[in-house]
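Asker: Position 355, counted from 1, in the sequence shown is what the working numbering calls 355; the numbers after and before it change by one each time, with no gaps. Glycine residues also receive a C-beta, built at the ideal position from the N, C-alpha and C atoms. Remember, predicted model here, so these are calculated numbers, not experimental data. My questions all concern the structure below.
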Amino acid sequence: MTSTRQPPSSHPPVPPVPPGSGPPGAAARRAVRRIRPAWWGVAALALSTLVVTQTASSYNVFVYDSILLAAMGAIALQILQGTTGQFSVGNAAFLLIGAFSAVFVLRQGLPFPLDLVVATLVAGVAGLIVGIPALRLRGLFLVLATFAAHFIATFAGNLYQGHHPEFAATGFFIPVLFADHDDGGGTAWSWLLSGLVALLILGATRIVRERSGRALRMIRQHEHIAPTLGIRVGRYKLLIFTLSSMVIGFEGALLAHLNGSVQVANFTLLLAFQYVLMIMIGGLDSIPGAVIGAAVVVALPIVVPDLLSALHLNAMDPTFSANVSLIIYGVAVIFFVTASPEGIMGLLRALGRRAVRLPGIRDAYARLAAGTGA
Numbered sequence: 001m002t003s004t005r006q007p008p009s010s011h012p013p014v015p016p017v018p019p020g021s022g023p024p025g026a027a028a029r030r031a032v033r034r035i036r037p038a039w040w041g042v043a044a045l046a047l048s049t050l051v052v053t054q055t056a057s058s059y060n061v062f063v064y065d066s067i068l069l070a071a072m073g074a075i076a077l078q079i080l081q082g083t084t085g086q087f088s089v090g091n092a093a094f095l096l097i098g099a100f101s102a103v104f105v106l107r108q109g110l111p112f113p114l115d116l117v118v119a120t121l122v123a124g125v126a127g128l129i130v131g132i133p134a135l136r137l138r139g140l141f142l143v144l145a146t147f148a149a150h151f152i153a154t155f156a157g158n159l160y161q162g163h164h165p166e167f168a169a170t171g172f173f174i175p176v177l178f179a180d181h182d183d184g185g186g187t188a189w190s191w192l193l194s195g196l197v198a199l200l201i202l203g204a205t206r207i208v209r210e211r212s213g214r215a216l217r218m219i220r221q222h223e224h225i226a227p228t229l230g231i232r233v234g235r236y237k238l239l240i241f242t243l244s245s246m247v248i249g250f251e252g253a254l255l256a257h258l259n260g261s262v263q264v265a266n267f268t269l270l271l272a273f274q275y276v277l278m279i280m281i282g283g284l285d286s287i288p289g290a291v292i293g294a295a296v297v298v299a300l301p302i303v304v305p306d307l308l309s310a311l312h313l314n315a316m317d318p319t320f321s322a323n324v325s326l327i328i329y330g331v332a333v334i335f336f337v338t339a340s341p342e343g344i345m346g347l348l349r350a351l352g353r354r355a356v357r358l359p360g361i362r363d364a365y366a367r368l369a370a371g372t373g374a
């Protein structure tokens, strides 16, 4: 019988390639490919900002700026709740902490950029403190912990505001950024906030698409199994709580400079629940969904009164439009929880999959994939 054994090779065995090694720059190119879809979102954001700043009225520009600000907090909450599964109603509390930290720094006579830094750091420390109970709490108990954080922050804000009787009723007034511009600074705010949101989109996409994103999803889905896979659950939880709180605190300081005033009464539980609605309506665990949800939730109370006025239905009760907005919020939550848990992004993905199955589009896609282009 003829032997099939191969003679030993005279060449030394090739050692296995360590993970992450390869040609110079390969790791960087892989990282760029992972966040490539986010660049399309950044391009769409830049285009929308260009259109709004060139065509919209000053009021609509202000609404657009408010949407961009809300998108910052929604992205932060998306990573905390949508990706990691740490339910929180503490957004309003961290917005309050950031805004009042900015007020405190400015009242000490310190310049503008420093108040943003201090607000971000103070909110981060507060988030770290709130995150400590998250090491042992889950679900409803974690929600109650962030619920308590809201009341503690509100109490501290009322205490500080009440300590200055001249501002107890009206709140604190601070300089509005870009107020010396011809349009009141609206377009300057739009480009500033667009740049910040673009950086957040790229950074958040990098987090959720890297190894850290897989670890965060494992914590959300199988927290009790995650430690056996080498995932440091406590470390990740504290890190995400701290980072998300820093972003929201930074947003709160910017919000104070956009509005020119800070008052405890503006940071309500309804505001906190609106941020939860943003990520639920847009789609959990989706960075674009957070931005879309922010646009829907911020614009809805503005669009509804205009629509009701056009239908001559707004004159019957001054609070009618506000109540209709709340009803629409409720219907949207019920719909997306029951019929489309993945939110608007889930609907868009489903429509995209159905569109690809259409004969003409399917054939064109097949030709494009084959590289014929014809």
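Relative to the C-alpha of S194, which candidate in H163, L348, M72 has its C-alpha closest?
Answerer: Measuring from the Cα of S194, the nearest candidate turns out to be M72.
Asker: Taking 8 Å as the cut-off, decide whether the C-beta atoms of G171 and Q263 are in contact.
Answerer: Cβ distance < 8 Å, so G171 and Q263 count as in contact.
Asker: Touching or not, the segment 293-309 and the segment 264-282, by the rule of three or more beta carbon pairs under 8 Å?
Answerer: Short answer: they touch.
Asker: Across which residues does DSSP place V262 in a beta bridge pair?
Answerer: Answer by DSSP bridge pairing, in chain order: F172.
Asker: What's the call for H163, buried or exposed, on a 16-neighbour Cβ count within 10 Å?
Answerer: So H163 ends up on the exposed side.
Asker: Let me make sure I understand the geometry here. Which of G282, G249, G283, I281 has the alpha-carbon closest to that of F267?
Answerer: With distances taken between Cα atoms, F267 lies closest to G249.
Asker: Would you decide whether H224 is buried or exposed? Buried here means 16 or more other CB atoms lie within 10 Å of its CB.
Answerer: Burial call: exposed.
Asker: State the DSSP-derived secondary structure class of F178, mapped to helix, strand or coil.
Answerer: In the structure shown, F178 sits in coil (DSSP, three-state: anything other than H, G, I, E or B).
Asker: Quick check on V297: buried or exposed, where buried means 16 or more other Cβ atoms within 10 Å of its Cβ?
Answerer: Label assigned to V297: buried.
Asker: Contact check, I75 vs I287 under 8 Å by CB: the rounded distance?
Answerer: Indeed, because the Cβ distance is near 6 Å, the residues count as touching under 8 Å.
Asker: Thinking V337 and H257 are a contact (beta carbons under 8 Å), I'd like their distance in whole angstroms, please.
Answerer: Between H257 and V337 the Cβ distance is about 36 Å, and since that is not below 8 Å, they are no contact.
Asker: With distance defined between alpha-carbon atoms, name the residue in A102, V122, A93, R353 nearest to A145.
Answerer: It is A93.
Asker: So what does DSSP say about V89, is it helix, strand or coil?
Answerer: V89 falls in the coil class under three-state DSSP.
Asker: Any idea if S57 is buried or exposed, counting beta-carbon neighbours within 10 angstroms, 16 or more meaning buried?
Answerer: Answer is exposed; the Cβ neighbour count stays below 16.
Asker: Determine the direct distance from the alpha carbon of R217 to that of I231, and round the result to whole angstroms.
Answerer: Their backbone Cα atoms lie some 11 Å apart in a straight line.
Asker: Could you give the residue range of the alpha helix (DSSP H) that holds G330?
Answerer: Here the alpha helix (DSSP H) through G330 covers 320-338.
Asker: Per the contact definition of three or more C-beta pairs closer than 8 Å, is the segment 195-211 in contact with the segment 59-66?
Answerer: No: the two stretches stay apart, fewer than three of their Cβ pairs being nearer than 8 Å.
Asker: Can you find the residues in the same chain that come closer than 6 Å, C-beta to C-beta, to M246, ignoring five residues on each side of it along the sequence?
Answerer: Same-chain partners within the cutoff: T120, A123, G124.
Asker: Nearest to G85 by alpha carbon, out of G330, G289, S321, A215?
Answerer: When only C-alpha atoms are compared, the closest one is A215.
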